[in-house]
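In what follows, a single structure is set out as structure tokens and then discussed.
2 protein chains.
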Amino acid sequence: MKKAQATRLNILQKAFELIYSKGYQTTSIDDIIATTEVTKGAFYYHFKSKDDMGLAIIEEILKPALTSSFITALQSKENPIDGIYSLLYNILMNNDYFKVEYGCPVANFASEMTPWNSKFSHVLEELTKEWIEVMINTVEKGKKDGFIRQNVNAKHVSTFIMSGYWGIRNFGKIENDKKAYLPYLEELKIYLNTLS
Amino acid sequence: MKKAQATRLNILQKAFELIYSKGYQTTSIDDIIATTEVTKGAFYYHFKSKDDMGLAIIEEILKPALTSSFITALQSKENPIDGIYSLLYNILMNNDYFKVEYGCPVANFASEMTPWNSKFSHVLEELTKEWIEVMINTVEKGKKDGFIRQNVNAKHVSTFIMSGYWGIRNFGKIENDKKAYLPYLEELKIYLNTLS
DNA sequence: ACAAAAACATACTAATTAGTATGTTTTTTG
DNA sequence: CAAAAAACATACTAATTAGTATGTTTTTGT
Chain V
7 MKKAQATRLN ILQKAFELIY SKGYQTTSID DIIATTEVTK GAFYYHFKSK DDMGLAIIEE
67 ILKPALTSSF ITALQSKENP IDGIYSLLYN ILMNNDYFKV EYGCPVANFA SEMTPWNSKF
127 SHVLEELTKE WIEVMINTVE KGKKDGFIRQ NVNAKHVSTF IMSGYWGIRN FGKIENDKKA
187 YLPYLEELKI YLNTLS
Chain C
7 MKKAQATRLN ILQKAFELIY SKGYQTTSID DIIATTEVTK GAFYYHFKSK DDMGLAIIEE
67 ILKPALTSSF ITALQSKENP IDGIYSLLYN ILMNNDYFKV EYGCPVANFA SEMTPWNSKF
127 SHVLEELTKE WIEVMINTVE KGKKDGFIRQ NVNAKHVSTF IMSGYWGIRN FGKIENDKKA
187 YLPYLEELKI YLNTLS
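These protein sequence lines map, in sequence, to chains V and C. Every number in the numbering used here is 6 more than the matching position in the first sequence, counting from 1. Every number in the numbering used here is 6 more than the matching position in the second sequence, counting from 1.
Below, the structure is given as structure tokens:
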């Protein structure tokens, strides 16, 4: 019950990298077992289907990694305006787990799977709602602490910011250059300051 | 030289609908010829490959349709703040060519094709740059006409707005309900008013 | 140590894929 | 009207796909 978990995790991680760079549909199981150097038997011992593995990637790789870094980044600054900006700046400019040319893995999954696969839709909805909730709470706390105006709607602001993030990720993919992020970040900073 | 063009256009339109709802990879040529009721011979007479057809969809269907409606919507109001808001409101809430559950066709293409297909990346980059340019010009005109502050950076603002649009489209896909657009639109209105 | 279960390996299958080879029909043009 | 080119039709192919059937090896509990 130790080595087996390691191979399972190895499959998930390697498969994630392949899917993140090539997309879910274009990543075949043969691709995955070739790069992980496990056999098909091992793969289907751990996952009952390709979709089962895809969902496990979201639940076991993306969800914990992103949610924790999301929360700590937001809480790193006293003023949520600084917290939100530094979260987005760092995730776009300094994170080298994410690549400009590949966009946001969650947005990619959503874009590719969502209309025709309800299981994926569901876990992705849960995940994004969790993020929005975290950001809403941050904004509300900022209102209580006097950093943000009382008439700011936390849900609207959070949705607005998350949308911009997903969108600029797609721009980055197209332009294939982190420089594409800069105009967005500049305007984000100005926008965030209007909330105080 | 008349009926042939009609079949070509028919293929492009039906293929677009399939791709818009299911994605490019998951739409097979057999799918396309089944719904268009043309044969494989006809298909490959008009397009030399699947990618050739995909690019034709962008160039001949999406580009003209979107760019023209984009420009006229932006110019419909004297104040660009109203113009931009009504453009986004209408494209999100009133356009029934686009479906919530399928998102933005251009963003879908970008998300799915961009990292591994440079030809698609290129035409999509051209297309989005064109939109950004149009919006920049609108904002600049608004500055000249006194509707928008002089210290507003038109490029930053345009990129910021376009990002938000693409992102909220992805949210809509996940939530599968136009209501997901409303918090975004409310905050967009507030943001746009800070530009005046 | 040994049986049983867990973990992995190999060789297949049936379906689907983009694309082609080779036709026939329809239009156009001289 | 006839030949040539354009437009479409049919039947294939070779590769790839997710998934399975049937093994062997390794680990675990007793």
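Every residue gets a Cβ at the ideal spot worked out from N, C-alpha and C, and that includes glycine.
If you draw a straight line from the C-alpha of residue i to the C-alpha of residue j, how long is it?
i: threonine 165 of chain C; j: glycine 109 of chain V; result: 16 Å
i: glutamate 6 of chain V; j: aspartate 37 of chain C; result: The question about residue 6 of chain V has no answer, for chain V in this structure spans 7 to 202.
i: phenylalanine 76 of chain V; j: asparagine 182 of chain C; result: 25 Å
i: valine 163 of chain C; j: glutamine 19 of chain V; result: 38 Å
i: alanine 79 of chain C; j: glycine 178 of chain V; result: 26 Å
i: lysine 28 of chain V; j: proline 121 of chain C; result: 7 Å
i: glutamate 118 of chain V; j: aspartate 151 of chain C; result: 42 Å
i: serine 34 of chain C; j: isoleucine 138 of chain V; result: 36 Å
i: isoleucine 39 of chain V; j: isoleucine 17 of chain V; result: 8 Å
i: arginine 155 of chain C; j: proline 86 of chain C; result: 12 Å
i: threonine 42 of chain V; j: lysine 184 of chain V; result: 30 Å
i: threonine 73 of chain C; j: glutamate 65 of chain C; result: 11 Å
i: alanine 186 of chain C; j: lysine 54 of chain V; result: 34 Å
i: lysine 46 of chain C; j: threonine 13 of chain V; result: 44 Å
i: methionine 168 of chain C; j: lysine 105 of chain C; result: 18 Å
i: serine 82 of chain C; j: tyrosine 50 of chain C; result: 42 Å
i: tyrosine 30 of chain C; j: tryptophan 172 of chain V; result: 20 Å
i: threonine 188 of chain V; j: leucine 94 of chain V; result: Per the sequence shown, residue 188 of chain V should be read as leucine rather than threonine. Each residue's Cα considered, the two are about 11 Å apart.
My assumption, with CB atoms under 8 Å, is that residue i sits in contact with residue j. Please give the rounded CB distance.
i: isoleucine 180 of chain V; j: alanine 116 of chain C; result: 5 Å
i: lysine 161 of chain C; j: isoleucine 174 of chain C; result: Between isoleucine 174 of chain C and lysine 161 of chain C the Cβ distance is about 21 Å, and since that is not below 8 Å, they are no contact.
i: leucine 201 of chain C; j: leucine 98 of chain C; result: Not quite, the Cβ-Cβ distance comes to about 20 Å (not below 8 Å), so this is no contact.
i: lysine 149 of chain V; j: valine 140 of chain V; result: At roughly 15 Å, the Cβ-Cβ gap does not stay under 8 Å, so lysine 149 of chain V and valine 140 of chain V are not in contact.
i: glycine 170 of chain V; j: leucine 194 of chain V; result: 7 Å
i: asparagine 176 of chain V; j: alanine 113 of chain C; result: 6 Å
On the DSSP letters alone, give me the boundaries of the alpha helix (DSSP H) that residue i sits inside.
i: threonine 78 of chain V; result: 69-81
i: aspartate 37 of chain V; result: 35-42
i: glutamate 23 of chain C; result: 9-28
i: isoleucine 142 of chain V; result: 124-150
i: asparagine 199 of chain V; result: 187-199
i: tyrosine 5 of chain C; result: Any question about residue 5 of chain C goes unanswered here, given that chain C covers just 7 to 202.
i: glycine 170 of chain C; result: 160-181
i: methionine 99 of chain V; result: No alpha helix (DSSP H) contains methionine 99 of chain V, which DSSP labels as neither H nor E.
i: lysine 56 of chain C; result: 56-62
Given that residue i touches chain C, what residues does it touch there, using C-beta distances under 7 Å?
i: methionine 168 of chain V; result: Gly173
i: threonine 200 of chain V; result: Thr200
Under 8 Å Cβ-Cβ, which residues of chain C neighbour residue i?
i: alanine 116 of chain V; result: Asn176, Lys179 and Ile180
i: threonine 134 of chain V; result: Phe177 and Ile180
i: tyrosine 197 of chain V; result: Phe166, Tyr197 and Thr200
Mind pulling the chain V residues with CB within less than 8 Å of residue i?
i: leucine 194 of chain C; result: Phe166
i: glutamate 131 of chain C; result: Ile180 and Glu181
i: serine 75 of chain C; result: Result: empty, since nearest Cβ-Cβ is about 19 Å, beyond 8 Å.
List, in chain order, every chain C residue whose beta-carbon is nearer than 9 Å to that of residue i.
i: glycine 109 of chain V; result: Ala116, Ser117, Thr120 and Pro121
i: tyrosine 103 of chain V; result: Per Cβ cutoff of 9 Å: no residues; tyrosine 103 of chain V is ~16 Å from chain C at best.
i: tyrosine 91 of chain V; result: Ordered by position in chain C, no residue passes the 9 Å Cβ test against tyrosine 91 of chain V, which lies about 13 Å from the chain.
Residues of chain V with a CB under 7 Å from the CB of residue i: which are they?
i: serine 27 of chain C; result: Pro121
i: tyrosine 190 of chain C; result: Thr165, Phe166 and Ser169
- Item | Interfacial residues, the stretch 29-52 of chain V to chain C, with Cβ spacing under 8 Å | Gly29, Gln31 and Thr32
- Message: Give me the subset of the stretch 151-162 of chain C whose CB atoms are less than 8 Å from a CB atom of chain V, sorted by chain position.
- Response: Asn159, Lys161 and His162
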